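S.K.: Have a look at this one.
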Amino acid sequence: MTSTAPDPSAPSRMSWARRATVVSPRARVDVALPVASTVAELVPELVRLSDAQRHAAPGHAGWVLTRLGGAPLPPDLSVAAAGVRDGDVLYLVPRERQGAPLLFDDVVDAIASASENSGGAWRPAVAHGVGAAGGAVALAGAGLLLFALLSGEVAAPLVTGAALLVLLAAAGALSRVLHDTRAATACAAAGMPIAVTTGLSALPPHHLWPVHGGAAALGLGVTGGYSVLAMVAVKRWSAWFGALALGCALGAATAAVVGLAGVTAAHAGVVLAVLATALAAGAPMVAMRLSRLPLPRVPSDITAFRENEEPTLGPDILGRTTAAQRMLTGLLAALGLSVVAGSVATLRTAGAWPVVLVSLLSGVWMLRSRSYSDTVQRVVQVGTGLSASGWLAGSLVVRQEKMLLLAAVIVLALAGLACFVYARHAGQGRRSPYWTRLLDLSEFLGVVALLPIAGVVLGVYEHLRHIKN
C-alpha cells in the first residue's frame with residue numbers, strides 16, 4: 039500500500055486566513071481575515087464593509103472587535119495571535135469611552151468633586167423629578183378639594199370631569215409639544231384620584247359614601263377610561279396606564295355583577311381572584327404580542343434554516359424587549375392587585391374553605407415568581423402572595439378561630455424556615471434540580487386545585503346536590 043506525499047509547494051486550504059462572521063449594529067458580513075494582519079488594521083475595513091459608521095452615535099470613541107460577552111480583542115495582536123478560528127462570530131461594537139483619572143491640586147477640590155459625582159448628589163434630573171411629583175400631588179389635592187367644595191350637588195362630577203379633560207390636554211401638550219414625558223406622566227397621574235371620585239359620585243346623591251355596587255362600577259369604569267386616554271397621551275409609561283386600565287376593567291366588571299346580578303361580594307371575589315390567576319399565565323405572550331416582538335421561526339430542515347436566516351436588528355429588538363418587559367410588569371401588577379382584592383372579598387365568607395383558597399392563591403403566586411428573571415416582576419408576584427397571606431392572617435386574628443390560628447402558626451413557621459434555607463442556598467449560587475422539580479410539581483398541583491376549591495367556596499357542589507335530589 040503506497041501513499042502520495044503532498045506537494046510542499048501547494049498552499050494549504052485557507053491557511054492564510056480565518057473565515058469569520060462579523061456582526062455590526064445593522065449588518066452581518068462573512069469575511070476572510072488574514073492571519074498576519076493585526077486587529078487594528080482590520081477594524082477600519084470592517085467598519086467600511088458593514089457600513090457601521092453611519093449608524094454610530096455622534097462623538098463615539100471608535101470601534102472594537104469582541105466575542106459575545108468577552109473583552110475586546112487587543113488591537114496590536116494579529117488574527118492568529120488573538121486566537122480567531124474558522125467559524126468564529128465576532129461583534130463590531132463601539133468602544134466604551136473611559137475617562138482619564140482625575141488629579142487634584144487641593145484636597146478640598148477632590149472632596150467637592152467626589153461629592154458632586156456620588157450617586158446621591160442633587161442633580162437637575164432629580165430636581166426635575168421632585169418638581170413633577172410635587173406638581174402632581176398639588177394638582178390631585180386641588181381636584182379633591184374642588185370635589186369636597188361641590189359634594190352633594192350635580193355639578194360635582196361635572197366639574198371634576200372637566201378637570202380631568204384639562205389634565206389630559208396638559209399631559210398631551212407636555213408629552214408631544216415639549217417632549218417632557220416625566221412631567222406629562224406626573225400630570226396624567228394627578229387625575230387618577232379625581233377620576234375615582236368622579237365615577238363614585240356620578241349617581242345621586244353625588245356623595246362618596248356609602249359605596250354600593252353601581253357606584254363602585256362607575257368609579258372603576260371612569261378610572262379605567264381615564265387610564266386609556268392617559269396611555270394615548272403619554273407614550274413612555276403606557277404599560278403602567280394600560281395595566282391600571284386592565285385592573286379597573288376587571289374590578290368594574292366584578293362590581294357590576296355584584297350590583298346588577300345580586301351576587302355576593304365574597305362569591306364575586308372568588309371568581310375574580312381565580313380568573314386573574316389564570317390570566318397571569320398568558321401575560322408573557324400578551325406582552326410579546328403587544329410589543330410586536332418577532333417570534334422565532336422553527337425551520338423544517340437545515341436548508342430552510344439557511345434560506346430564512348436574516349440578521350436581527352439589535353437596537354430595535356432591544357427596544358421592543360424593554361417595552362415588553364415593562365408591559366409584562368404592568369400586567370402582572372394589575373392582575374396581582376385583582377387577586378389581592380378578590381382575596382379580601384373572599385375572606386368575608388366564614389368557614390375554613392375560604393382560608394384554604396386564599397392560602398393556595400398566595401402559594402401559587404409566590405411559586406410562579408420563579409419563572410421570571412426580572413427582579414421587579416418577581417417582587418410583584420411575591421408581594422401579591424404576601425399581601426393576600428397578610429390579610430388572611432389579620433382575618434384569622436379577628437375571627438378568633440383557634441384551630442385555624444394554630445394551623446397558620448405552623449404553616450408560617452415552616453415557611454420561615456424554608457425561606458432561610460432558600461436564602462442560604464441562593465446566596466451561594468447553588469440550585470438543586472430535585473427541589474426545583476418539587477416546587478414545579480407543587481405549583482402545578484396548586485393551580486389544578488384552585489378550581490375545585492373555588493367550587494366548594496361558591497357552593498356549586500351543594501347546588502348540584504339539591505338539583506339532583
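Numbered per our numbering, the sequence shown spans residues 39 to 507. The beta carbon of each residue, even a glycine, is placed where N, CA and C say it ideally should be. These numbers come from a predicted model, not from an experiment.
Just to confirm the assignment, what range does the beta strand (DSSP E) spanning Tyr129 have?
M.R.: Unbroken beta strand (DSSP E) run through Tyr129: 126 to 132.
S.K.: Could you give the first and the last residue of the continuous beta strand (DSSP E) run that contains Val495?
M.R.: Counting along the chain, Val495 falls outside any beta strand (DSSP E), though it belongs to the alpha helix (DSSP H) covering 471 to 496.
S.K.: Under the three-state reduction of DSSP, which class applies to Leu106: helix, strand or coil?
M.R.: Three-state DSSP puts Leu106 in coil, outside helix and strand.
S.K.: Return the bridge partner residues of Thr76 from the DSSP annotation.
M.R.: In DSSP, Thr76 forms a bridge with Ser116.
S.K.: Just to confirm the assignment: which complete alpha helix (DSSP H) runs, minimum length 4, are found wholly within the stretch 379 to 455?
M.R.: Complete alpha helix (DSSP H) runs here, min 4: 391 to 406, 413 to 437.
S.K.: Could you have a look at Arg123 and say whether DSSP puts it in helix, strand or coil?
M.R.: Coil, per DSSP.
S.K.: Look up Val260 in the DSSP assignment and say whether it is helix, strand or coil.
M.R.: Helix.
S.K.: Rank Leu238, Ser88, Asp114, Ala120 by C-alpha distance to the C-alpha of Ala55 and give the top, closest one.
M.R.: Closest by alpha carbon: Ala120.
S.K.: Given this structure, state the Cα-to-Cα distance separating Arg386 from Thr359, to the nearest angstrom.
M.R.: For Arg386 and Thr359, the distance between alpha carbons rounds to 41 Å.
S.K.: Do Ala290 and Gly251 have their CB atoms nearer than 8 Å?
M.R.: Going by C-beta atoms, Ala290 is not nearer than 8 Å to Gly251.
S.K.: Thinking C-beta only, is Thr223 closer than 8 Å to Val272?
M.R.: Cβ atoms of Val272 and Thr223: closer than 8 Å.
S.K.: With respect to the beta strand (DSSP E) encompassing Val60, which residues constitute its N-terminal and C-terminal limits?
M.R.: Unbroken beta strand (DSSP E) run through Val60: 55 to 61.
S.K.: By how many angstroms is the C-alpha of Thr384 removed from the C-alpha of Val396?
M.R.: Rounded to whole angstroms, Val396 to Thr384 spans 8 Å at the Cα level.
S.K.: Using beta-carbon positions only, say whether Gly423 and Gly401 come within less than 8 Å of one another.
M.R.: Their beta carbons are under 8 Å apart, which means Gly423 touches Gly401 by this criterion.
S.K.: Only counting the same chain, and skipping five residues up and downstream in sequence, which positions put a Cβ closer than 7 Å to that of His501?
M.R.: Excluding residues within five positions, none has a Cβ falling inside 7 Å.
S.K.: Alpha carbon to alpha carbon, how far is Met365 from Ala193? Give it in angstroms, no decimals.
M.R.: So the two alpha carbons sit approximately 37 Å from each other.
S.K.: What separation, rounded to the nearest whole angstrom, lies between the Cα atoms of Pro242 and Ala379?
M.R.: Near 26 Å, if we compare the C-alpha coordinates of Ala379 and Pro242.
S.K.: In chain order, what residues of the same chain lie with their CB nearer than 8 Å to the CB of Asp114, ignoring the 5 residues before and after it?
M.R.: Closer than 8 Å at Cβ, skipping near neighbours: Thr76, Val77, Ala78.
S.K.: Given Gly210, which residues of its chain have a CB within under 6 Å of its CB, disregarding the five upstream and five downstream residues?
M.R.: Cβ within range, chain order: Ala271.
S.K.: Is it the case that the Cβ atoms of Gly181 and Ile232 are separated by a distance below 8 Å?
M.R.: Yes, these two residues count as a Cβ contact at 8 Å.
S.K.: Does the Cβ of Trp473 have 16 or more other Cβ atoms within 10 Å, making it buried, or fewer, making it exposed?
M.R.: That one is exposed.
S.K.: Check whether the Cβ atoms of Ala306 and Thr315 lie closer than 8 Å to each other.
M.R.: Their beta carbons are not under 8 Å apart, which means Ala306 does not touch Thr315 by this criterion.
S.K.: Using DSSP with H/G/I as helix, E/B as strand and the rest coil, what is Val249?
M.R.: Reduced to three states, the DSSP call for Val249 is coil.
S.K.: If you run the structure through DSSP and keep just helix, strand and coil, what is Val324?
M.R.: Of the three classes helix, strand and coil, the one that applies to Val324 here is helix, per DSSP.
S.K.: Considering only residues of the same chain and omitting the five flanking positions on each side of Gly428, which have a CB-CB separation below 6 Å?
M.R.: Closer than 6 Å at Cβ, skipping near neighbours: no residue.
S.K.: How close, in whole Å, do the beta carbons of Arg133 and Trp101 come, if the pair is a contact with beta carbons under 8 Å?
M.R.: Confirmed, Cβ separation roughly 6 Å.
S.K.: Just mark Trp160 as buried or exposed, buried being the case when its beta carbon has 16 or more other beta carbons within 10 Å.
M.R.: Exposed.
S.K.: Pick from Leu477, Ala207, Leu87, His504: whose alpha carbon is nearest that of Tyr460?
M.R.: With distances taken between Cα atoms, Tyr460 lies closest to Leu477.
S.K.: Can you tell me whether Cys225 is buried or exposed? The criterion is at least 16 other CB atoms within 10 Å of its CB, across all chains shown.
M.R.: Buried, because 16 or more other Cβ atoms sit within 10 Å of the Cβ of Cys225.
S.K.: Leaving out five residues on either side along the sequence, give the residues of the same chain with a beta carbon under 6 Å from the beta carbon of Gly374.
M.R.: Closer than 6 Å at Cβ, skipping near neighbours: Val418, Thr422.
S.K.: Alpha carbons only, please: which of Gln438, Ser381, Asp412 is nearest the one belonging to Ser425?
M.R.: For the residues Gln438, Ser381, Asp412, the minimum Cα distance to Ser425 belongs to Ser381.
S.K.: Within the same chain, show all residues whose beta-carbon is closer than 6 Å to that of Leu282, passing over the 5 residues directly before and after it, in chain order.
M.R.: Only Ser265 meet the Cβ criterion.
S.K.: Apply the 10 Å Cβ neighbour rule to Leu205 and answer buried if 16 or more other Cβ atoms are within range, or exposed otherwise.
M.R.: Buried, because 16 or more other Cβ atoms sit within 10 Å of the Cβ of Leu205.
S.K.: Specify, as a first and last residue, the run of the alpha helix (DSSP H) that Pro242 falls within.
M.R.: From DSSP, Pro242 is part of no alpha helix (DSSP H); its letter is neither H nor E.
S.K.: On a Cα-Cα basis, can you pick out the residue from Leu488, Met323, Ala255, Val324 that is closest to Ala299?
M.R.: When only C-alpha atoms are compared, the closest one is Ala255.
S.K.: Would you report the Cα separation of Val301 and Val295, rounded to the nearest angstrom?
M.R.: When rounded, the distance between both Cα atoms is 7 Å.
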